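*Asks:* Sharing a structure below in structure tokens format, with a few things to ask.
In my numbering, the protein residues as written are 151 to 323.
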């Protein structure tokens, strides 16, 4: 089974007035579901490096009357959000794309409020190039250690289908 954003997000509490960011949002699969769960009471930031994708996401958010702010951002360099702004971060299928994972996770620790959480989702294998190339894959245990080293406490693995792993990491640093 491929990735099911709605199913994975059912494992994460999203408070009514939460401030959520979808890092590497693409067309917004996770961002739209998170915004719908907020029922107009919070804010979702969708961050991606590709302006045309964000323009499309912005138009669809307006069409649906969802409170989503599209933010162009190179996640390899900096997350352009204030310190301790976010209640929840979503890093779905982004770790394997980054050239500096440590910097990204340190930036997450900066923008996620104390005791806030990050939902981490990524590929478990290349699956003969159906997913990312083999050299880009990060093992679930290595991802958990990466978050630990930045002051997060990774939780148990969540159901994410046969091609992905998922866990929630709490910012305890």
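Even glycine gets a Cβ: it sits at the ideal position worked out from N, Cα and C.
The structure presented is a predicted model; accordingly, all values stated were derived computationally and were not measured.
Please report how far the alpha carbon of residue 310 lies from the alpha carbon of residue 295, in whole angstroms.
*Replies:* C-alpha separation (whole angstroms): 19 Å.
*Asks:* To test your reading of the DSSP string, which unbroken alpha helix (DSSP H) runs of 4 or more residues are found completely within the segment 246-297?
*Replies:* Whole alpha helix (DSSP H) segments, 4+ residues: 251-261.
*Asks:* For the alpha helix (DSSP H) containing residue 184, list its first residue and its last residue.
*Replies:* 179-188
*Asks:* Taking the runs of the beta strand (DSSP E) that are 3 residues or longer, which of them lie wholly in the segment 171-243?
*Replies:* 193-198, 218-222, 236-242
*Asks:* Taking the straight line between their C-alpha atoms, what separation do you get for residue 321 and residue 182?
*Replies:* Their Cα atoms are separated by approximately 24 Å.
*Asks:* Grab me the residues of residue 242's own chain with a C-beta within less than 6 Å of its C-beta, minus the 5 sequence neighbours each way, in chain order.
*Replies:* 180, 271
*Asks:* On the three-state DSSP scale, how would you describe residue 304?
*Replies:* strand
*Asks:* Rounded to whole angstroms, what's the CA-CA distance from residue 151 to residue 157? Just pull it up for me.
*Replies:* Note that residue 151 scores a pLDDT of 46, beneath 50, so its modelled location is shaky and nothing firm can be said.
*Asks:* For residue 175 and residue 299, what's the separation of their Cα atoms in angstroms?
*Replies:* 24 Å
*Asks:* In the DSSP assignment, what are the bridge partners of residue 162?
*Replies:* Its beta-bridge partners do not exist; DSSP assigns none.
*Asks:* Taking the Cβ atom as the reference point for each residue, do residue 165 and residue 237 lie within a distance shorter than 8 Å?
*Replies:* yes
*Asks:* When the distance is taken between beta carbons, is residue 197 closer than 8 Å to residue 168?
*Replies:* no
*Asks:* Hey, quick one: how far does the beta strand (DSSP E) through residue 154 stretch, first residue to last?
*Replies:* For residue 154, no beta strand (DSSP E) run applies, since DSSP gives it neither H nor E.
*Asks:* Should residue 264 go down as buried or exposed, given a rule of 16 or more other Cβ atoms within 10 Å for buried?
*Replies:* In summary, residue 264 is exposed, with fewer than 16 beta-carbon neighbours lying within 10 Å of its beta-carbon over all protein chains present.
*Asks:* Excluding the 5 residues preceding and the 5 following residue 161 in the sequence, name in chain order all residues of the same chain whose CB lies nearer than 6 Å to its CB.
*Replies:* Closer than 6 Å at Cβ, skipping near neighbours: 308.
*Asks:* In whole angstroms, what separates the C-alpha of residue 173 from that of residue 216?
*Replies:* 17 Å
*Asks:* When the Cα of residue 204 is compared with those of 251, 222, 194, 262, which residue comes out closest?
*Replies:* 222
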